[in-house]
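Enquirer: Below: one structure in C-alpha cells.
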Amino acid sequence: MADVELEIIDLSTGSSLGKFQLDLCIPKVYELDIGSYRFKATYLKKSETLYEDRSIVEGENPPLTFEFSPATYTLRIESTPISVPVTLNKSLIGNTPQSVTVQEGEYLVEVPGEVTA
Amino acid sequence: MTMFNPNFVRNFDKLAKLLDCPASTVGTSTSNIATFYPFQRKSFYANGRFWTFYSDGTNIVYRTSTDGITWSAATTVRAATAGTDFSVWFDGTYLHYAYASTSSIYYRRGTPNTDGTITWSADEQVVSTTTNKAYFPFVSVDSDGYVWIGYTEPITAPNDLPWVIKSGNNDGTWGTTPAGFPYQLNATYDPSWHVSIIPLTNGKMLAVYAYSSTVRVRRWNGSSWGTEKATTSSCYLYSAVAQGDDVHIVFINATTYDILHVIYTYSTDSLSAEHTVISATGSSYPVLSIDNNNKLYCFWATKTTGTPSGATANHIYYQTSEDGGSTWSAMTDWIDESTEVLTYANRLICFYKDYGDKIGLMYMTKTAYPYNIRFDFLTVAVPPKPKGTIAIHAKLLGII
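Quick note, the sequences are listed as chains A and B, same order. For the first sequence, the numbering used here begins at 210 and goes up steadily by one. For the second sequence, the numbering used here begins at 17 and goes up steadily by one.
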C-alpha cells in the first residue's frame, strides 16, 4: 500500500483528474494540460491532508514537495523489578516504568541484565 | 521516476480524426429557399445541442438536436416566408437573428439553453434604415458585443445598394444607431448585392459584398472605413470566415464556375491572388467554415455527374486547406443524396466556424413541395493541448 494518495483537481472545471498513489521519498512526474490545478496529498497513516495550488505552464515546472509530520507512537518499557535504568538507542531515558514518544522506526531498548538492591 | 499522464483517457477520446455520421432530416418546408443564402449563417452548436434555423415557408422556425440525428419539434421564432429574409449569428454566448423583407430590420438576441429553449434578452427590436426597405440581412457581432447587420436596400426602387448598420447598445436592445450608420458600401446600383460583415479582433470588422461582378471588401478599423478592394474574378455568391484579422472568402467564378479562394490580409489591407479550390463545378455555391486549428472547410454539391470531373450528381463534397487556402485537398465525397435528390446544388449553408469540435451543414432535398431540410456534421480534430510536467515529492518532516 502506498504511503500517500494524491488527487489532482482541475481548477478551471472543478473536476478531479483522479487519485494517484505516491510513496514517500519517491518522486513521480505528472504530465498535465497547461492550466491551474489543486494538488491534494493525504498521508494515509495519519489521514493528514495537505493542499497546494499550482499553475502548470508549458514545459517543465518547479517540483512540488509535500512535507508531512511523521506518525508518532508511545513506547512503554516496564520491568520486574521496577526502577531500573533504561536506555533508548544507548541514551538513558530514565528508570522503568517509562513511556516515550517515538516515530516509526527501529530502536534499541536496553535494561541491565541483573540489578542489585 | 515514473511518468503519468492523468489526461490520457480524456485526450484519447479527442484524438479525433474526422468522424462521420449519417445525414438526418431536420424538418420540412414549403419554400425552396428555406436555407438560402449561402453567405448567411443559420446554424451553430451550443450548450450540447445543434441549433438549426430555417423558414418553413411561413415562419422562421428552429429545431435542436443533441446528436445531430434526432430533432426536436419546431419552435416558431417569427414570420418569414423565405430563408433569404433572415440570418442567425452565435457569438459564443448569445444567438442573434436579423430579419428583413423589403422592410425595416427586425433584430433579437437570446440565450440558447441546454434544454433547447431560448431565453430572449429583450423584445424584438425594430431597426430603421434609410428607406425601411432592407432585405437579405446578415447579422454578426463585434468583439465588443455590438451588433452589425449587412443588407441590401434600394434608395430609388428598384436600384439596390449595399449597406451596413451598427447597434448603439450591446445588451440585446438596439439603442440609437451610431452616427455614420447606416453606411453605404458602394454606389453601384444592382439588384443582387449580398452583404456580410465579418468580425475581426478589437472591434474591427470587414464588410464583404458582391453582386454578379467582383467580390468587394472594405474594412472598419474600429473608428472609420477603409477603401474598397475587389477580386479579379467576378462571382455569383460567396462565403467568408475570419482567421484573426484576416478573412477567407470562397466564391464561384461567374464565367468558369471554378470555386475560388482569396484571403483578405488586414495588415496590408489587400486581397491575395485567387486560388482554385476546384474547377468547373457547375452551379454550386460554396460555403466555408474554419476549425479551431485554422483548417478551412469548403463544402459544395453537384446536380450533374461529371461536373466537376469525378463528381456524382446529388452528392455533397468538401475540401480542406491547412495552409491558409493556398492549396486544397482532393474532394471528399461526403453525403449521398441520390435517393431524395438535392433541391438545388446551391442550397448549402454551414456553421460559421467549429463550435464544440463540430462543423454542421444544412441543405435541402426533394424537388417538389414539401422540401426536406437536411443536416449533417463533421467532428473535427482537436489540436493537441500544450502540456507541462511537474515532479511531486512527498516526505516526512526532518527526513530527507
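Backbone N, C-alpha and C fix where the C-beta goes; we use that ideal spot for every residue, glycine too.
Using Cβ-Cβ distances below 9 Å, what residues of the segment 394–413 of chain B are close to chain A?
Expert: Correct list: Lys401, Pro402, Lys403, Gly404, Thr405, Ile406, Ala407, Ile408, His409, Ala410, Lys411, Leu412, Leu413.
Enquirer: Got a sec: which bits of the segment 285–299 of chain A sit with their beta carbon under 9 Å from any beta carbon on chain B, in order along the chain?
Expert: Residues: none.
Enquirer: Compute the distance between the beta-carbons of Leu215 (chain A) and Gly244 (chain A), then report whether it is under 9 Å.
Expert: Taking the first sequence and counting its residues from 1, one reaches residue 215 (chain A) at position 6. Taking the first sequence and counting its residues from 1, one reaches residue 244 (chain A) at position 35. Cβ distance not < 9 Å, so Leu215 (chain A) and Gly244 (chain A) don't count as in contact.
Enquirer: Give the interface partners of Ile265 (chain A) over in chain B, defined as CB-CB distance under 7 Å, in chain order.
Expert: Here residue 265 (chain A) refers to the residue found at position 56 when the first sequence is read from its first residue. Within chain B, the residues near Ile265 (chain A) are Gly404, Ile406.
Enquirer: Assuming Thr127 (chain B) and Thr118 (chain B) form a contact by the criterion Cβ under 8 Å, report the distance between their Cβ atoms to the nearest whole angstrom.
Expert: Within the second sequence, numbered from 1, the residue matching residue 127 (chain B) stands at position 111. Within the second sequence, numbered from 1, the residue matching residue 118 (chain B) stands at position 102. Rounded, the Cβ-Cβ distance is 30 Å, inconsistent with contact.
Enquirer: Opposite Glu319 (chain A) in the DSSP bridges: which residues?
Expert: As a position in the first sequence, residue 319 (chain A) is number 110, starting the count at 1. For Glu319 (chain A), which the question treats as bridged, DSSP gives the partners A:Thr296.
Enquirer: Measuring only the C-alpha atoms, how far is Gly260 (chain B) from Phe393 (chain B)?
Expert: As a first step, residue 260 (chain B) must be located in the second sequence, where it is residue number 244. As a first step, residue 393 (chain B) must be located in the second sequence, where it is residue number 377. So the alpha carbons of these two residues sit roughly 24 Å apart.
Enquirer: Answer with yes or no whether the minimum CB distance from Gln312 (chain A) to chain B is below 9 Å.
Expert: For the purposes of this step, residue 312 (chain A) is identified with residue 103 of the first sequence, where counting begins at 1. True, the Cβ-Cβ gap to chain B drops below 9 Å.
Enquirer: Using 8 Å for Cβ pairs, my map puts Lys319 (chain B) next to Gly298 (chain B). What's the rounded Cβ distance?
Expert: As a working note, residue 319 (chain B) is residue 303 in the second sequence. As a working note, residue 298 (chain B) is residue 282 in the second sequence. Their Cβ separation, rounded to whole angstroms, is 7 Å, which keeps Lys319 (chain B) and Gly298 (chain B) in contact under 8 Å.
Enquirer: Is the CB-CB distance between Asp206 (chain B) and Ser137 (chain B) below 9 Å?
Expert: On the second sequence, residue 206 (chain B) is found 190 positions in, with the first residue counted as 1. On the second sequence, residue 137 (chain B) is found 121 positions in, with the first residue counted as 1. In this structure, Ser137 (chain B) does not lie closer than 9 Å to Asp206 (chain B) by Cβ.
Enquirer: Buried or exposed, going by whether 16 or more other CB atoms sit within 10 Å of the CB of Gly322 (chain B)?
Expert: Along the second sequence, one-based indexing puts residue 322 (chain B) at 306. Its Cβ having fewer than 16 others within 10 Å, Gly322 (chain B) is exposed.
Enquirer: At what residues does the beta strand (DSSP E) containing Leu241 (chain A) begin and finish?
Expert: Taking the first sequence and counting its residues from 1, one reaches residue 241 (chain A) at position 32. Here the beta strand (DSSP E) through Leu241 (chain A) covers 237–242.
Enquirer: At the 9 Å Cβ level, is Glu315 (chain A) part of the contact set with chain B, yes or no?
Expert: Walking along the first sequence from the start, residue 315 (chain A) turns up at place 106. Taking Cβ atoms only, chain B never reaches closer than 9 Å to Glu315 (chain A), which makes this a no.
Enquirer: Give the secondary structure of Asp101 (chain B) by DSSP, where H, G and I count as helix, E and B as strand, and everything else as coil.
Expert: Mapped onto the second sequence, residue 101 (chain B) falls at position 85. Here Asp101 (chain B) sits in helix by DSSP.
Enquirer: Smallest Cα separation from Tyr61 (chain B): which of B:Asp307, B:Ala407, B:Asn330, B:Ile332?
Expert: For this step, residue 61 (chain B) is matched to residue 45 along the second sequence. Here the closest residue by C-alpha is B:Asp307.
Enquirer: Along chain B, in chain order, which residues have C-beta atoms closer than 9 Å to that of Asn270 (chain A)?
Expert: Indexing the first sequence from 1 puts residue 270 (chain A) at position 61. Here the neighbours are Gly404, Thr405, Ile406, Ala407.
Enquirer: Any residues in the segment 241–262 of chain A with a beta carbon nearer than 8 Å to a beta carbon of chain B? Which ones, in chain order?
Expert: Flagged, chain order: Leu241, Asp242, Ile243, Phe248, Ala250, Tyr252.
Enquirer: Just to confirm my understanding: we take Leu301 (chain A), look at its own chain, exclude 5 residues before and 5 after, and list those with CB closer than 7 Å. What are they?
Expert: The sequence position of residue 301 (chain A) within the first sequence is 92, counting from 1. Only Pro294 meet the Cβ criterion.
Enquirer: Nearest by alpha-carbon distance to Leu241 (chain A): which of A:Gly268, A:Glu323, A:Thr310, A:Thr305 is it?
Expert: Taking the first sequence and counting its residues from 1, the one referred to as residue 241 (chain A) is at position 32. The shortest C-alpha separation from Leu241 (chain A) is found at A:Gly268.
Enquirer: Which same chain residues end up closer than 6 Å to Leu259 (chain A) when comparing Cβ atoms and leaving out the 5 residues on each side of it in sequence?
Expert: Residue mapping note: residue 259 (chain A) aligns to position 50 of the first sequence, counting from 1. Correct list, in chain order: Ala250, Phe275.
Enquirer: Using a beta-carbon distance below 9 Å, is Ser278 (chain A) in contact with chain B?
Expert: Locating residue 278 (chain A) in the first sequence gives position 69, counting from the first residue. Answer yes: the Cβ-Cβ gap between Ser278 (chain A) and chain B drops below 9 Å somewhere.
Enquirer: Please check the pair Ser71 (chain B) and Ser47 (chain B), which I expect to be a contact at CB under 8 Å, by giving their CB distance rounded to whole angstroms.
Expert: Here residue 71 (chain B) refers to the residue found at position 55 of the second sequence. Here residue 47 (chain B) refers to the residue found at position 31 of the second sequence. Correct: roughly 5 Å between the Cβ atoms.
Enquirer: On the premise that Ile294 (chain B) lies in contact with Ala256 (chain B), defined as a C-beta separation below 8 Å, what is that separation, rounded to the nearest angstrom?
Expert: Walking along the second sequence from the start, residue 256 (chain B) turns up at place 240. Walking along the second sequence from the start, residue 294 (chain B) turns up at place 278. The Cβ separation is near 18 Å, so there is no contact.
Enquirer: Given a cut-off of 9 Å on the beta-carbon distance, is the pair Phe391 (chain B) and Ser103 (chain B) in contact?
Expert: In the second sequence, residue 391 (chain B) corresponds to position 375, counting from 1. In the second sequence, residue 103 (chain B) corresponds to position 87, counting from 1. No, Cβ-Cβ distance for Phe391 (chain B) and Ser103 (chain B) is not below 9 Å.
Enquirer: Pick out the complete beta strand (DSSP E) segments inside the segment 211–277 of chain A, 3 residues or longer, and give them in chain order.
Expert: Taking only runs of at least 3 residues, the beta strand (DSSP E) segments lying wholly in the segment 211–277 of chain A are 213–219, 225–231, 237–242, 244–252, 257–265, 273–277.
Enquirer: Keeping to the same chain, check which residues put their C-beta closer than 8 Å to that of Asp262 (chain A); ignore five residues upstream and five downstream.
Expert: Position 53 of the first sequence holds residue 262 (chain A). Excluding residues within five positions, the ones whose Cβ falls inside 8 Å are Leu220, Ser245, Tyr246, Arg247, Phe248.
Enquirer: Distance, Cα to Cα, Val163 (chain B) vs Tyr333 (chain B)?
Expert: As a working note, residue 163 (chain B) is residue 147 in the second sequence. As a working note, residue 333 (chain B) is residue 317 in the second sequence. Rounded to whole angstroms, Val163 (chain B) to Tyr333 (chain B) spans 33 Å at the Cα level.
Enquirer: Would you please state the rounded distance, in angstroms, between the beta carbons of Asp285 (chain B) and Arg235 (chain B)? I believe it to be under 8 Å.
Expert: Taking the first residue of the second sequence as 1, we reach residue 285 (chain B) at position 269. Taking the first residue of the second sequence as 1, we reach residue 235 (chain B) at position 219. About 6 Å; that satisfies the 8 Å criterion.
Enquirer: State the DSSP-derived secondary structure class of Leu412 (chain B), mapped to helix, strand or coil.
Expert: In the second sequence, counting from the first residue as 1, residue 412 (chain B) sits at position 396. Here Leu412 (chain B) sits in strand by DSSP.
Enquirer: Count the other CB atoms within 10 Å of the CB of Lys182 (chain B); is the residue buried (16 or more) or exposed (fewer)?
Expert: As a position in the second sequence, residue 182 (chain B) is number 166, starting the count at 1. Buried, because 16 or more other Cβ atoms sit within 10 Å of the Cβ of Lys182 (chain B).
Enquirer: Going by DSSP, what residue range makes up the beta strand (DSSP E) through Val224 (chain B)?
Expert: The residue given as residue 224 (chain B) occupies position 208 in the second sequence. 221–226 is the span of the beta strand (DSSP E), which, as asked, contains Val224 (chain B).
Enquirer: Give the DSSP-derived three-state secondary structure of Val93 (chain B) in the structure shown.
Expert: One-based indexing of the second sequence puts residue 93 (chain B) at position 77. Three-state DSSP puts Val93 (chain B) in a strand.
Enquirer: Is Arg363 (chain B) buried or exposed, if buried means 16 or more other CB atoms sit within 10 Å of its CB?
Expert: Position 347 of the second sequence, counting from 1, holds the residue named residue 363 (chain B). When all chains shown are included, Arg363 (chain B) counts as buried.
Enquirer: I'd like to know whether the C-beta of Thr305 (chain A) is nearer than 9 Å to at least one C-beta of chain B.
Expert: Residue 305 (chain A) sits at position 96 when you count from the first residue of the first sequence. Chain B contact via Cβ: absent.
Enquirer: Note down the Cα distance separating Tyr385 (chain B) from Gly108 (chain B), rounded to an integer number of angstroms.
Expert: Taking the first residue of the second sequence as 1, we reach residue 385 (chain B) at position 369. Taking the first residue of the second sequence as 1, we reach residue 108 (chain B) at position 92. Taking the straight line from one Cα to the other gives about 35 Å.
Enquirer: Would DSSP call Thr283 (chain A) helix, strand or coil?
Expert: If you number the first sequence from 1, residue 283 (chain A) lands on position 74. Thr283 (chain A) falls in the strand class under three-state DSSP.
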